[in-house]
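Chemist:
Residue numbers (my numbering), protein chains in the order written: chain E, 1 to 162; chain V, 1001 to 1217; chain G, 2001 to 2235.
1) How about residue 2195 of chain G: is its C-beta nearer than 7 Å to some C-beta of chain E?
2) Ends of the alpha helix (DSSP H) at residue 2105 of chain G?
3) Check the C-beta distance from residue 2096 of chain G over to residue 2067 of chain G and give it rounded, since I have them as a contact under 8 Å.
4) Tell me which same chain residues have a C-beta within less than 8 Å of the C-beta of residue 133 of chain E, skipping the five on either side of it?
5) Thinking residue 1184 of chain V and residue 1161 of chain V are a contact (beta carbons under 8 Å), I'd like their distance in whole angstroms, please.
6) Could you name the residues of the same chain whose beta carbon sits closer than 6 Å to that of residue 1132 of chain V, not counting the 5 residues immediately before and after it, in chain order?
7) Should residue 1165 of chain V and residue 1139 of chain V be called a contact, given that it needs their Cβ atoms to be closer than 7 Å?
8) What does the alpha-carbon distance come out to for the pair residue 1187 of chain V and residue 2077 of chain G?
9) Quick one, which residues of the segment 1090 to 1118 of chain V are near chain E if we go by CB-CB under 7 Å, in chain order?
10) Under 7 Å Cβ to Cβ from residue 87 of chain E, same chain only, skipping five residues before and after it: list those, please.
11) By a C-beta neighbour count over all protein chains shown, 10 Å radius and 16 as the cutoff for buried, is residue 2189 of chain G buried or exposed?
12) Counting only the same chain and skipping the five closest in sequence on each side, list residues whose C-beta sits under 8 Å from that of residue 55 of chain E.
13) Quick one: using the 10 Å Cβ neighbour count with 16 as the cut-off for buried, is residue 1075 of chain V buried or exposed?
14) Taking residue 147 of chain E as part of the beta strand (DSSP E), name the residues at either end of that continuous run.
15) In the DSSP assignment, find the alpha helix (DSSP H) that holds residue 2216 of chain G and state where it starts and stops.
16) Check the DSSP bridge columns for residue 104 of chain E and list the partner residues they point to.
17) Return the Cβ separation of residue 1068 of chain V and residue 154 of chain E in integer angstroms, given the expectation that the two are a contact with Cβ distance under 8 Å.
18) Look at the Cβ atom of residue 2209 of chain G, then the Cβ atom of residue 2141 of chain G, and state whether they are nearer than 7 Å.
19) Relative to the C-alpha of residue 113 of chain E, which candidate in V:1071, V:1190, V:1083 has its C-alpha closest?
20) Anything in chain E within Cβ reach of residue 1087 of chain V, meaning under 9 Å, just list it in chain order.
21) Mind listing the chain G neighbours of residue 1029 of chain V? Cutoff is C-beta to C-beta under 9 Å, in chain order.
22) Grab me the residues of residue 1022 of chain V's own chain with a C-beta within less than 7 Å of its C-beta, minus the 5 sequence neighbours each way, in chain order.
23) Can you confirm whether the segment 1024 to 1031 of chain V touches the segment 2029 to 2046 of chain G when touching is taken to mean that 3 or more C-beta pairs between the two stretches lie within less than 8 Å?
24) Give a yes or no on whether the minimum CB-CB distance between residue 147 of chain E and chain G is below 7 Å.
25) Exposed or buried, what is residue 2054 of chain G when buried is set at 16 or more other beta-carbons lying within 10 Å of its beta-carbon?
26) At a CB-CB cut-off below 7 Å, which residues of chain E make contact with residue 2148 of chain G?
27) Does any C-beta atom of chain G lie closer than 7 Å to the C-beta of residue 1178 of chain V?
28) Among V:1212, V:1156, V:1171, which residue has its Cα nearest to the Cα of residue 1085 of chain V?
29) Could you tell me the distance, in whole angstroms, from the CA atom of residue 2124 of chain G to the CA atom of residue 1111 of chain V?
30) Quick check: what's the CA-CA separation for residue 24 of chain E versus residue 34 of chain E?
31) What number of angstroms, rounded off, separates the C-alpha of residue 131 of chain E from the C-alpha of residue 2049 of chain G?
32) Which same chain residues, not among the five before or five after residue 2155 of chain G, have their C-beta less than 8 Å away from its C-beta?
33) Using a Cβ-Cβ cutoff of less than 7 Å, which residues in the same chain neighbour residue 1943 of chain G once the five nearest sequence positions on both sides are dropped?
34) What separation, rounded to the nearest whole angstrom, lies between the Cα atoms of residue 2162 of chain G and residue 1208 of chain V?
35) Can you have a look at residue 2153 of chain G and say buried or exposed, based on whether 16 or more other CB atoms are within 10 angstroms of its CB?
36) Rounded to whole angstroms, what is the Cα-Cα separation between residue 128 of chain E and residue 2028 of chain G?
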């Protein structure tokens, strides 16, 4: 059986140009299809509906919480602190790597057991590797009851004056 | 055949970068049975070791996951404890993304940047002072960088840096390629960080002594 | 009977070098080997068989992993209850779980040692440089397999190790938050995350690793077997 060697045959310039154009068109189409597939793929993996719990929590009446008291909400992962300026809903999740901090009432501080970060009761970093202070959530009084909305992160000094 | 005397074909043949097995030099044996039997024995030895281990030592299982209580200390498996120890010194972006990324990137490009000091050793008599100044300038700069930027001075990185740089500048050991020294530094850092993370860290990620307080898991 | 045997194995008893060659050459599972091997290359002290044993742990992990899948539901809190079932109810359940766990630790250790040995032997140098890169990717794959598997028991250890790990992804600039959301399939480590890690651990990563190992081994053959220093030179 003889090999039909197409490489040995001369190719006209027009044919070469045509091949180049078709090659560009083909690889362009392939790249576009690949891009489209990737986008659809990420969209598919992106959950549109989440069965996560409501992030709004009713806590109690503001007059029941004296100045200086820290209300620990372990399930909600929030500390409600009555500072001199007002109520602050501070997250209990460490800004370092998301471990749960714990309130140490003797030292009056929040402490992260994972990597040893320390915060004061306003959420400022006083030790350890934490890169920034603990963020605060929105607090409002709704029909005389304090309500925290943990889906709304406010500016770092946000307090509710009552 | 049509004569094409006016056309000269030049074919450039590039040598393939693939080694040939020079069969003549090396003593060889038949793969079956010599290699196959060795493989079988190695696999059986490994299996016996792992089965014995599994019979006498139970894998840990703690209580049901509870998102509101973080255990103290919360330790990852041993091969992540070097990384976890590093997280104690820097913000997550640096120790969790930047430094591991640099290390993995450096590992991947090692074979493409084989600056061979073996053919041009440090101690070949030319520019020795300049080279030494370059090495120690970099060492001092890196030491300062790792000392001042971290939350605590990163001794598990600075120590290995000096432990690598000192033999590197000695005439006896200096005949090694640069990737060798960089790899050695990475390796010593990884070992130091992992050993500290596994044995010397306890509640609150404070230092403990394993022979006094036991090993925290 | 002999005819049936001959239809399966086409060579005679391996008591001649010709039949020994055919035993390797015509066998699907052995054909990754050449017919003859250099004596230095197969010595224990040359490689400590670290690469081969890494592949062996991968094989053990595949077998024990498939067996564990028969009793495991990737849902909360059923996953944890299944761990307790394996421990107290299933025959040899605790043994299989132990074997899977310790083999996983062993695999990470062997792959790391393999890399260290290959480096100090200088085997990463041309023409094997791309195989070294594949090796680095295989190391990453091994670590990712361990990491995804670590969540599956759904105990405290699993939950917090993975929480810390995913928050590291969060630290990537700009797209970190999105990467974390996509990894977990939600905002926290919950049932969606467990299912995603399960699929990655049982299907995606092992399949990728298997292909990677095949290419890695194939390239070792194509580069003329494992790297050995030239016998006479004292490099």
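Glycine residues also receive a C-beta, built at the ideal position from the N, C-alpha and C atoms.
Modeler: With the given structure in hand:
1) Looking up residue 2195 of chain G in the third chain gives position 195. Chain E contact via Cβ: absent.
2) Here residue 2105 of chain G is taken as the residue at index 105 of the third chain, counted from 1. Run containing residue 2105 of chain G: 2093 to 2121, per the alpha helix (DSSP H) assignment.
3) Counting from one through the third chain, the residue named residue 2096 of chain G turns up at place 96. Counting from one through the third chain, the residue named residue 2067 of chain G turns up at place 67. Contact holds; Cβ gap of about 5 Å.
4) Numbered from 1 along the first chain, position 133 holds the residue referred to as residue 133 of chain E. Within the same chain, residue 133 of chain E has close Cβ partners 95, 119, 122, 123, 124, 125, 156.
5) Residue mapping note: residue 1184 of chain V aligns to position 184 of the second chain, counting from 1. Residue mapping note: residue 1161 of chain V aligns to position 161 of the second chain, counting from 1. Between residue 1184 of chain V and residue 1161 of chain V a beta carbon distance of about 10 Å is seen, past the 8 Å cut, so the two are scored as non-contacting.
6) Working through the second chain from its first residue, we reach residue 1132 of chain V at position 132. So the list reads 1169, once near-sequence residues are dropped.
7) Locating residue 1165 of chain V in the second chain gives position 165, where the first residue counts as 1. Locating residue 1139 of chain V in the second chain gives position 139, where the first residue counts as 1. A contact, by the Cβ cut-off of 7 Å.
8) The residue labelled residue 1187 of chain V in the question sits at position 187 within the second chain. The residue labelled residue 2077 of chain G in the question sits at position 77 within the third chain. Each residue's Cα considered, the two are about 40 Å apart.
9) 1090, 1091, 1092
10) Against the first chain, residue 87 of chain E aligns to sequence position 87. Once the five neighbours on either side are set aside, the close Cβ partners of residue 87 of chain E are 62, 80, 139, 146, 159, 160, 162.
11) Taking the third chain and counting its residues from 1, one reaches residue 2189 of chain G at position 189. With 16 or more Cβ atoms within 10 Å of its Cβ, residue 2189 of chain G is classed as buried.
12) For the purposes of this step, residue 55 of chain E is identified with residue 55 of the first chain, where counting begins at 1. Counting only Cβ-Cβ distances below 8 Å, and skipping sequence neighbours, we find 149, 150, 151.
13) As a position in the second chain, residue 1075 of chain V is number 75, starting the count at 1. Answer is buried; the Cβ neighbour count reaches 16.
14) What you label residue 147 of chain E is simply residue 147 of the first chain in a count that begins at 1. Element bounds for residue 147 of chain E: 145 to 153.
15) Here residue 2216 of chain G is taken as the residue at index 216 of the third chain, counted from 1. Start and end: 2205 to 2222.
16) Taking the first residue of the first chain as position 1, residue 104 of chain E is located at position 104. Bridge partners of residue 104 of chain E: E:109.
17) Stepping through the second chain from its first residue, residue 1068 of chain V is reached at position 68. Stepping through the first chain from its first residue, residue 154 of chain E is reached at position 154. At roughly 23 Å, the Cβ-Cβ gap does not stay under 8 Å, so residue 1068 of chain V and residue 154 of chain E are not in contact.
18) The residue given as residue 2209 of chain G occupies position 209 in the third chain. The residue given as residue 2141 of chain G occupies position 141 in the third chain. Yes.
19) Reading the first chain from its first residue, position 113 is the one you call residue 113 of chain E. The shortest Cα separation from residue 113 of chain E among V:1071, V:1190, V:1083 belongs to V:1071.
20) By 1-based counting over the second chain, the position of residue 1087 of chain V is 87. Within 9 Å Cβ-Cβ: 96, 97, 114, 115, 129.
21) Taking the second chain and counting its residues from 1, one reaches residue 1029 of chain V at position 29. Chain G residues near residue 1029 of chain V: 2036, 2037, 2038, 2039, 2042.
22) Residue numbering aside, residue 1022 of chain V sits at position 22 when the second chain is read from its first letter. In this predicted model, residue 1022 of chain V has a pLDDT of only 49, less than 50, meaning its place in the structure is not dependable enough to derive any value.
23) yes
24) To locate residue 147 of chain E, count along the first chain from 1; it is residue 147. With 7 Å as the cut-off, residue 147 of chain E does not count as an interface residue toward chain G.
25) Taking the first residue of the third chain as position 1, residue 2054 of chain G is located at position 54. With 16 or more Cβ atoms within 10 Å of its Cβ, residue 2054 of chain G is classed as buried.
26) The residue you call residue 2148 of chain G lines up with position 148 of the third chain. In chain order: nothing, as chain E lies at least about 15 Å away.
27) By 1-based counting over the second chain, the position of residue 1178 of chain V is 178. By this cut-off, residue 1178 of chain V is not an interface position.
28) As a working note, residue 1085 of chain V is residue 85 in the second chain. The shortest Cα separation from residue 1085 of chain V among V:1212, V:1156, V:1171 belongs to V:1156.
29) Walking along the third chain from the start, residue 2124 of chain G turns up at place 124. Walking along the second chain from the start, residue 1111 of chain V turns up at place 111. Residue 2124 of chain G and residue 1111 of chain V: Cα-Cα distance of roughly 6 Å.
30) Here residue 24 of chain E refers to the residue found at position 24 of the first chain. Here residue 34 of chain E refers to the residue found at position 34 of the first chain. If you take the alpha carbons of residue 24 of chain E and residue 34 of chain E, they lie about 15 Å apart.
31) Here residue 131 of chain E corresponds to residue number 131 of the first chain, with the count starting at 1. Here residue 2049 of chain G corresponds to residue number 49 of the third chain, with the count starting at 1. Across the structure, residue 131 of chain E and residue 2049 of chain G are spaced so that their CA atoms are roughly 45 Å apart.
32) On the third chain, position 155 is the one that residue 2155 of chain G refers to. Cβ within range, chain order: 2080, 2083.
33) For chain G, the structure presents residues 2001 to 2235; residue 1943 of chain G sits outside this window and is missing.
34) The residue labelled residue 2162 of chain G in the question sits at position 162 within the third chain. The residue labelled residue 1208 of chain V in the question sits at position 208 within the second chain. Using only the alpha carbons, I get a separation of about 24 Å.
35) One-based indexing of the third chain puts residue 2153 of chain G at position 153. It counts as buried.
36) Sequence index remark: in the first chain, residue 128 of chain E carries index 128 (1-based). Sequence index remark: in the third chain, residue 2028 of chain G carries index 28 (1-based). Answer to the nearest angstrom: the Cα atoms are 57 Å apart.
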